[in-house]
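>
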Amino acid sequence: MSPEGAVKSLLSRAVDLNRASTAPVIKIFPLYSLSRRFYCFQVFGLLISGLLFVWLSRHAQFDLALSRIWFDPLSGHFPLQENVWLDLINHRLLKQGVIAGALLGLLWGGVRREPRVVLVMLMFAVGPLVVGLLKATSAHSCPWDLTLFGGKAADFPLFGAVPENAGPGRCFPGGHASSGFSVMALFFLFYPQRQRLAWACWGAGIALGLVMGYGQVMRGAHFFTHNLWAGWWVWVSQLAVFGWVDGYRRIKLRKSNGTT
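Sequential numbering of the sequence shown, starting at 1, is according to full-length UniProt numbering.
1. Determine the direct distance from the alpha carbon of F78 to that of L88, and round the result to whole angstroms.
2. Look up H77 in the DSSP assignment and give the residues it is bridged to.
3. Just the C-alpha distance for V126 and W202, rounded to the nearest angstrom, thanks.
4. Just checking, does the region 192-209 make contact with the region 143-162 on the three C-beta pairs under 8 Å criterion?
5. DSSP has residue 279 in a bridge; who is on the other side?
6. With DSSP run on the structure shown, which of helix, strand or coil describes A240?
7. Whose C-beta lies closer than 7 Å to the C-beta of R112 among residues of the same chain, with five residues either side of it excluded?
8. From S178 to A200, what does the alpha carbon distance come to, in whole angstroms?
9. Please say whether W233 and P173 have beta carbons closer to each other than 8 Å?
10. List the endpoints of the continuous alpha helix (DSSP H) containing A177.
11. In the DSSP assignment, what residue or residues form a beta bridge with L146?
12. Would G205 and V183 qualify as a contact pair, given that the criterion is a beta-carbon distance under 8 Å?
13. Please work out which residues of its chain come closer than 7 Å, Cβ to Cβ, to R250, disregarding the five sequence neighbours upstream and downstream, and give them in chain order.
14. Which first and last residues belong to the alpha helix (DSSP H) in which L189 is found?
15. Under three-state DSSP, which class holds F124?
16. Leaving out five residues before and five after A102 in sequence, what residues of the same chain have Cβ atoms less than 6 Å from its Cβ?
17. Suppose the cutoff is 8 Å on Cβ atoms and the five residues either side in sequence are ignored; what does the same chain contact list for S21 look like?
18. Measure the beta-carbon distance from A153 to D145 and round it to whole angstroms, keeping in mind my assumption that it falls under 8 Å.
19. The alpha helix (DSSP H) with R92 in it runs from where to where?
20. If we count the other Cβ atoms within 10 Å of its Cβ and call it buried at 16 or more, is G247 buried or exposed?
21. Considering only the beta carbon of each residue, do S141 and G167 sit closer than 8 Å?
22. To the nearest angstrom, report how far apart A198 and F38 are at their CA atoms.
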């Protein structure tokens, strides 16, 4: 092919890519799909972990053993409840840092018109929102409110009958830890092109959620399983949102290609 012919061919391809029929698809759907195998694997993992968390929540010895480490029976309270570092750094700054990072990412994605970035940053809020709604309707009270730890509320297992003196409730799952677990959303930003980085972000979100959650255990604000359930619900929520967007994208692509 002559040089003139090659130039004309490249120009023709450029014109084709900018036609009205292709531009909306490229602009609106620069996302990707996940395989059914991936979703099945995740559902299986969530079922197994959910059963484990139910068992741990129903048999409270694990939670009580961890909380008693930080409880002073002589004074009848958690000495670290008002700890400046746990309250300032763990309870406030870390949470605010995650929120600020997600907002900056959302702004950047909006300016750059990157739908994947925008979606992932919005997914940061989905998990804490779901956990917050569950927590607001929960009858389970925080450890520092229970008679076991100097309070007046009764303790009862997950799915157990709610006693009359259940106390203020609104303490299950762990709302604060959900902010740390929300970092797992970065998995969808890098997967599948950079799988190692994607799984590293997923692990970092779990680690941050556990650290933030355990700080609340030390203060007497939550049992440890409260935080495990927070992570579970955050990941379920993020998978559900991405799966819905994924399914919607597949339908739109089929329609644009003239298939059913």
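Every residue, glycine too, gets a C-beta built ideally from N, C-alpha and C. Predicted, not measured: the structure shown is a model, and the values here were computed from it.
A quick look at the data gives this:
1. On the sequence shown, residue 88 is found 88 positions in, with the first residue counted as 1. On the sequence shown, residue 78 is found 78 positions in, with the first residue counted as 1. Taking the straight line joining both Cα atoms gives about 17 Å.
2. Position 77 of the sequence shown holds residue 77. In the DSSP output, where bridge partners are listed per residue, H77 has D72.
3. The residue you call residue 126 lines up with position 126 of the sequence shown. The residue you call residue 202 lines up with position 202 of the sequence shown. The straight-line gap from Cα to Cα measures roughly 16 Å.
4. no
5. Nothing about residue 279 can be reported from this structure: the residues present for the chain run from 1 to 260 only.
6. Counted from its first residue, the sequence shown places residue 240 at position 240. In the structure shown, A240 sits in a helix (DSSP, three-state: H, G or I).
7. Within the sequence shown, residue 112 is the residue found at index 112, counting from 1. Same-chain partners within the cutoff: there are none.
8. For the purposes of this step, residue 178 is taken as the residue at position 178 of the sequence shown. For the purposes of this step, residue 200 is taken as the residue at position 200 of the sequence shown. Their Cα atoms are separated by approximately 18 Å.
9. Within the sequence shown, residue 173 is the residue found at index 173, counting from 1. Within the sequence shown, residue 233 is the residue found at index 233, counting from 1. Result yes, Cβ atoms of P173 and W233 sit closer than 8 Å.
10. Start at 1 with the first residue of the sequence shown, and residue 177 comes out as number 177. Element bounds for A177: 175-181.
11. The sequence position of residue 146 within the sequence shown is 146, counting from 1. According to DSSP, L146 bridges with A153.
12. Counted from its first residue, the sequence shown places residue 205 at position 205. Counted from its first residue, the sequence shown places residue 183 at position 183. Yes; because the gap between Cβ atoms is below 8 Å, this pair is in contact.
13. Translated into the one-based positions of the sequence shown, residue 250 becomes position 250. Closer than 7 Å at Cβ, skipping near neighbours: S33.
14. Looking up residue 189 in the sequence shown gives position 189. Counting along the chain, the alpha helix (DSSP H) containing L189 begins and ends at 187-190.
15. Within the sequence shown, the letter at position 124 stands for residue 124. Correct three-state label for F124: helix.
16. The residue you call residue 102 lines up with position 102 of the sequence shown. Answer for A102: M121, F124, listed in chain order.
17. Within the sequence shown, numbered from 1, the residue matching residue 21 stands at position 21. Since pLDDT at S21 reaches only 43, below the 50 mark, its modelled position is unreliable, and the value read off the structure follows with that caveat. Within the same chain, S21 has no close Cβ partners at all.
18. As a first step, residue 153 is located in the sequence shown; it is residue number 153 there, counting from the start. As a first step, residue 145 is located in the sequence shown; it is residue number 145 there, counting from the start. A153 to D145, Cβ: 4 Å. Contact.
19. Counted from its first residue, the sequence shown places residue 92 at position 92. Element bounds for R92: n/a, residue is neither H nor E.
20. Taking the first residue of the sequence shown as 1, we reach residue 247 at position 247. Exposed is the call here.
21. Counting from 1 along the sequence shown, the entry for residue 141 is found at position 141. Counting from 1 along the sequence shown, the entry for residue 167 is found at position 167. Yes. Within cutoff.
22. As a working note, residue 198 is residue 198 in the sequence shown. As a working note, residue 38 is residue 38 in the sequence shown. Their Cα atoms are separated by approximately 14 Å.
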